Amino acid sequence: MTEVHTGGGRAAERVVRALRDPVLWQGAIGIASFFVVWQVLKWIGLFALLPGPVDVVRAVPQQMEQEGYWLSWLASSRRVFLGFLVAAILAISIGVSMGMSRKLRMAGFPILEVLRPIPPLAWLPLSILFWPSPEATMVFLTFLGAFFPIFINILAGIDRIDIRYIQAARSLGAGQATLFWRVMVPGALPALFTGLSIAIGITWEVVIAAEMASAQLGLGYLTWNAYMSQSLVGIVVGMLSIGVAGMVSSGIMGWIGRNAMPWRRGR
Amino acid sequence: MAVTNSSLGAAQVDGGYDARLRASPDWPVQAGDWRARLRKASRAQALRYALLGFGIFFGLWYLLTAVIVPPRFNYIPNPALLFGQWISEVPQYGISVFIPEYYGHIWVSVLRVYTAFAISVGVGAPLGILLGWSRFGRNTLFPVVEMLRPIPPLAWVPLAVLALPETEMAVIFVTLLASFFATVLNTYLGVRSIPETYFRAAACLGYRRVDVLRRVVIPGALPFIFTGLQIAMGVAWFSLVGGELIAGRSGLGYLILDGYTQLALPNIFIGMITLGVLGWASSALIRKVGELMMAWHVKGQGGGA
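Here the protein sequences come in this chain order: A and B.
In our numbering, each number is its position in the first sequence, counted from 1, plus 12.
In our numbering, each number is its position in the second sequence, counted from 1, plus 41.
Quick look at the structure:
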């Protein structure tokens with residue numbers, strides 16, 4: 013509707029419009045007004061404590077140069093990766109075996125359903141006591157956060173496979189291995205990747221909280237440290253770094269998903 | 042042949058075929074006959090396996106914490122002690138079902154979650170509708186939402202504690218952030234899922250904007266909205282625990298933290314399990330409300346799921 017009303021302007025304007033997608037410039041307006049409102053709020057004196065966007069941008073290089081910034085990235089990513097890897101391996105193997113064996117599922121699923129609603133962070137104090145090192149604690153929490161979404165999604169994915177596919181494969185003479193690789197795996201893969209991408213988001217969330225509570229290094233610790241030294245700019249830079257880290261991992265996850273399921277690329 | 046004969050003979054002895062049929066597990070249970078229902082349920086294979094699973098779980102737990110106790114397992118209370126403390130009138134560590142303080146923590150946490158949930162739905166659902174319905178709104182606001190969304194709610198804790206005048210507000214703010222984004226995103230997807238033809242039909246019938254909103258947009262997006270609300274409730278409990286651990290002075294998250302600092306191990310577990318139960322019950326409540334509000338949707342799917 014908008015385009016119809018404003019589209020009949022001069023030729024030059026039309027060229028500009030052709031060059032610039034409305035989605036693009038309207039998005040730019042949105043983001044720009046967000047920062048303008050933020051800066052204006054700062055000038056007015058509302059939220060006087062908060063740094064303005066200009067302060068943040070100015071502080072970024074200095075914050076990035078501070079000791080341990082890149083080491084923090086490394087430490088957090090390693091925790092996320094380790095926890096996520098263990099969770100993926102365990103959740104996939106347990107999910108697949110429960111998806112294929114009814115008895116195992118009847119025995120094991122209720123227990124996992126009882127454990128699932130307990131928020132991962134509620135395990136934090138217990139794991140600090142239980143695990144010998146803070147590193148193990150954080151990896152364990154990350155694992156907990158990632159395990160359930162992957163597990164639930166792969167199980168749902170296996171359930172959702174059309175029984176007729178399995179019957180068709182059987183009547184065409186497929187053995188157990190063929191059935192697994194040619195029917196089960198492609199059938200459950202989309203749901204698995206849904207679970208994996210939910211899980212990678214949760215792992216960042218959990219690792220940040222765990223680092224705030226008990227780490228000596230990491231992006232969450234960086235933010236917490238800035239809080240302790242009352243450096244608001246540091247807090248905001250820490251938050252932004254965490255956001256970027258989460259986005260990058262989701263992007264990688266999506267890329268892997270697209271390449272693992274080339275038949276879904278068109279959608 | 043012999044088998045048929047002998048079973049026929051048995052049938053004649055204990056009152057005929059009808060009586061045996063009535064006693065068989067396949068005979069439908071009469072309404073109100075709870076004993077038959079219980080008998081039937083206890084025969085179900087699923088239940089037996091579930092009990093087996095729980096038996097193994099609790100057995101291992103007991104074995105590892107009370108009988109063998111490998112190193113570090115002494116930090117986990119054995120289930121008998123834990124549940125004994127939980128229902129004890131004079132608990133060793135001051136928390137049990139008879140102590141008012143326990144309900145105080147529960148009340149504070151529930152209040153925080155539901156306040157945060159109400160705010161995030163009150164603001165998030167309209168924003169989601171705006172994003173889905175108006176092209177300009179979507180083009181301008183969606184990038185901002187997408188820019189802020191990757192920052193995990195708990196990363197906001199330090200900022201919220203410093204910028205907001207009260208810790209209570211900071212905890213609620215952190216709790217509502219995650220559920221806010223879940224609500225916005227799902228409402229948006231819900232509105233986008235409504236077929237364009239519905240809007241055209243409404244326009245042909247001369248609906249005003251208000252009527253389109255009331256009759257097309259909201260009912261059309263409702264299934265997605267309720268999916269969003271369920272996710273929102275889950276993440277609200279999740280973030281609440283984080284907020285209370287890091288910045289709280291009360292609530293179940295604080296109970297767990299306090300149990301840690303005082304080394305009152307049963308309290309940690311009581312807090313965790315209570316959180317699990319409350320979180321599960323909240324999700325179940327939303328699912329029930331959703332089913333009530335969307336009777337047509339449930340019916341359309343064939344009465345289940």
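Built from N, CA and C at the ideal position, the CB exists for glycine as well.
Quick caveat, the model's predicted, so the values are computed rather than measured.
- Counting the other CB atoms within 10 Å of its CB gives A:W275 a total below 16, which places it among the exposed residues.
- By the neighbour-count criterion, in which 16 or more other beta carbons inside 10 Å mark a residue as buried, B:M274 falls on the buried side.
- In its chain, beyond the 5 residues on either side, G269 have a beta carbon closer than 6 Å to the beta carbon of A:F205.
- The straight-line gap separating the alpha-carbon atoms of B:L333 and B:A262 is approximately 15 Å.
- Boundaries of the alpha helix (DSSP H) harbouring B:R328: L306 to M334, taken from the DSSP string.
- Inter-residue distance for B:V225 and A:M118 is about 36 Å (C-alpha atoms, whole angstroms).
- Counted as a single uninterrupted DSSP element, the stretch harbouring B:N119 is not any alpha helix (DSSP H), since DSSP gives it neither H nor E.
- A:V151: member of the alpha helix (DSSP H) spanning P146 to R172, first to last residue.
- Between the segment 74-91 of chain A and the segment 120-139 of chain A, the count of C-beta pairs closer than 8 Å stays below three; the two stretches do not touch.
- Put simply, the CB of A:Q38 is near chain B, with a gap under 8 Å to one of its CB atoms.
- Between the beta-carbon of A:Q75 and that of A:V249 there is about 4 Å, and that keeps the pair under the 8 Å contact cut.
- Between A:I214 and A:P161, the C-beta gap is smaller than 8 Å, which places the two residues in contact.
- If you compare the alpha carbons of B:L304, B:L296, B:I272 and B:S280 with that of B:L326, the shortest gap goes to B:I272.
- Burial of B:V276 is indicated by the presence of at least 16 other C-beta atoms within 10 angstroms of its C-beta.
- Taking each of B:I140, B:A77 and B:G57 in turn and checking the Cα distance to B:I311, the smallest one comes out for B:I140.
- Note that the C-beta distance between B:S220 and B:S150 is not below 8 Å.
- By the C-beta density criterion, B:D74 is exposed, having fewer than 16 other C-beta atoms within 10 angstroms.
- Assignment of A:V126 by DSSP, reduced to helix, strand and coil, places it in the helix class.
- B:F177 and A:V68 have their C-alpha atoms some 29 Å from each other.
- Each of B:P199, B:D252, B:W102 and B:P184 was checked against the Cα of A:S241, and the nearest Cα belongs to B:P199.
- B:Y134: not part of any alpha helix (DSSP H); DSSP gives it neither H nor E.
- With respect to chain A, the C-beta atom of B:I287 has a partner C-beta closer than 8 Å.
- A contact between stretches requires three or more CB pairs, one per stretch, nearer than 8 Å, and the segment 93-108 of chain B meets this requirement with the segment 117-124 of chain B.
- Contacts with chain A (Cβ-Cβ distance below 7 Å) from the segment 90-110 of chain B involve Y90, A91, L93, G94, F95 and F98, listed in chain order.
- At a beta-carbon threshold of 8 Å, the residues of chain A lying near B:G320 are P129, I130 and P131, ordered along the chain.
- Within the same chain, and ignoring the five residues on either side of B:I287 in sequence, the residues whose Cβ sits closer than 6 Å to its Cβ are V198.
- Collapsing the DSSP output to three states places A:Q78 in coil.
- According to the DSSP assignment, A:R176 belongs to the alpha helix (DSSP H) that extends over I175 to S183.
- Per DSSP, reduced to three states, the secondary structure at A:E25 is helical.
- One alpha carbon belongs to B:G289, the other to B:A305, and they sit about 18 Å apart.
- Listed in chain order, the alpha helix (DSSP H) elements of length 4 or more contained wholly in the segment 53-106 of chain B are 57-64, 75-84 and 86-103.
- Taking a beta-carbon distance threshold of 8 Å, B:Y155 does not count as an interface residue toward chain A.
- Between the alpha carbons of B:F158 and B:A223 lies a gap of roughly 11 Å.
- Burial check for B:G100: the Cβ neighbour count within 10 Å stays below 16, so the residue is exposed.
- Spanning the alpha carbons of A:V195 and B:Y58 requires a straight line of approximately 46 Å.
- The residue from A:A148, A:Q188 and A:V197 with its alpha-carbon nearest to that of A:I170 is A:V197.
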